[in-house]
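Enquirer:
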Amino acid sequence: MISIIVAVAENGAIGYKGNLVYHLSADMKRFKSLTTGNTVLMGRKTFESLPKGALPNRRNIVLTRQQGAAYPNTEVFASIGQALEHCKSDEKVYVIGGAEIYRQSLELASELELTLVHDVPGNADTFFPDFSNDSSWQLVSREDHEPDEKNQYAYSFLTYRRV
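The number in my numbering is simply the position in the sequence shown, starting from 1, with 1458 added.
1) Taking Leu-1508 as the reference, give the member of Gly-1555, Ile-1559, Ala-1471 and Ser-1590 with the closest Cα.
2) Taking the straight line between their C-alpha atoms, what separation do you get for Ile-1559 and Tyr-1613?
3) How would you label Glu-1571, buried or exposed, when you count the other beta carbons within 10 angstroms and need 16 or more for buried?
4) Give the DSSP-derived three-state secondary structure of Ala-1557 in the structure shown.
5) Would the region 1519-1537 count as touching the region 1466-1479 if we require 3 or more Cβ pairs under 8 Å?
6) If you follow the alpha helix (DSSP H) that Ser-1491 is part of, which residue opens it and which one closes it?
7) With DSSP as the reference, label Arg-1502 as helix, strand or coil.
8) For Gln-1596, list the residues DSSP reports as bridge partners.
9) Just the Cα atoms here: how many angstroms apart are Ile-1460 and Leu-1566?
10) My parser needs the alpha helix (DSSP H) runs of 4 or more residues fully inside the region 1522-1553; what are they?
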């Protein structure tokens, strides 16, 4: 099963200058809870943005076109297709970015785990692909949350499944 996990602003923004536009404690906890014990698949730039390298207690797959690239505690492949060929049929794979990897995997995914941040950032240069006109996605779960001392913005946890 391929699941995309992402925090996205109301205008689809996900990043600015190689960094996330939002850092919500609740989103980070949800990300960890969902992905721990599973596989995370990411592009090279996303991997390089991780402060401590490979994410612990997860199988880390990095996609890059750079010949001979190797990163500690990861498996490296040249394409999503190649990476998925090395995954078991019952393995849950979370696609964690960046934008180009999201774009390439959207048609392959059967689930979207979105944290919708109820805000529009002043600066953004990276956006999640618009899937709002794709009727094959159905919202199956929604949790709304107000801002608090650890989360600066109101946000919603949304789960979509492909029908």
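Backbone N, C-alpha and C fix where the C-beta goes; we use that ideal spot for every residue, glycine too.
Expert: From the atom records:
1) Counted from its first residue, the sequence shown places residue 1508 at position 50. Answer by Cα proximity: Gly-1555.
2) For the purposes of this step, residue 1559 is identified with residue 101 of the sequence shown, where counting begins at 1. For the purposes of this step, residue 1613 is identified with residue 155 of the sequence shown, where counting begins at 1. In a straight line, the C-alpha of Ile-1559 is about 24 Å away from that of Tyr-1613.
3) What you label residue 1571 is simply residue 113 of the sequence shown in a count that begins at 1. Buried is the call here.
4) Position 99 of the sequence shown, counted from the first residue, corresponds to residue 1557. Correct three-state label for Ala-1557: helix.
5) Contact check between the region 1519-1537 and the region 1466-1479: fewer than three CB pairs, one atom from each, fall below 8 Å, which does not count as touching.
6) Working through the sequence shown from its first residue, we reach residue 1491 at position 33. From DSSP, the alpha helix (DSSP H) with Ser-1491 extends over 1483-1493.
7) In the sequence shown, the residue the question calls residue 1502 occupies position 44. Note: Arg-1502 maps to helix in three-state DSSP.
8) As a working mapping, residue 1596 is identified with position 138 in the sequence shown. Partner(s): Arg-1619.
9) Counting from one through the sequence shown, the residue named residue 1460 turns up at place 2. Counting from one through the sequence shown, the residue named residue 1566 turns up at place 108. Distance from the CA atom of Ile-1460 to the CA atom of Leu-1566, rounded to whole angstroms, is 7 Å.
10) Complete alpha helix (DSSP H) runs here, min 4: 1538-1543.
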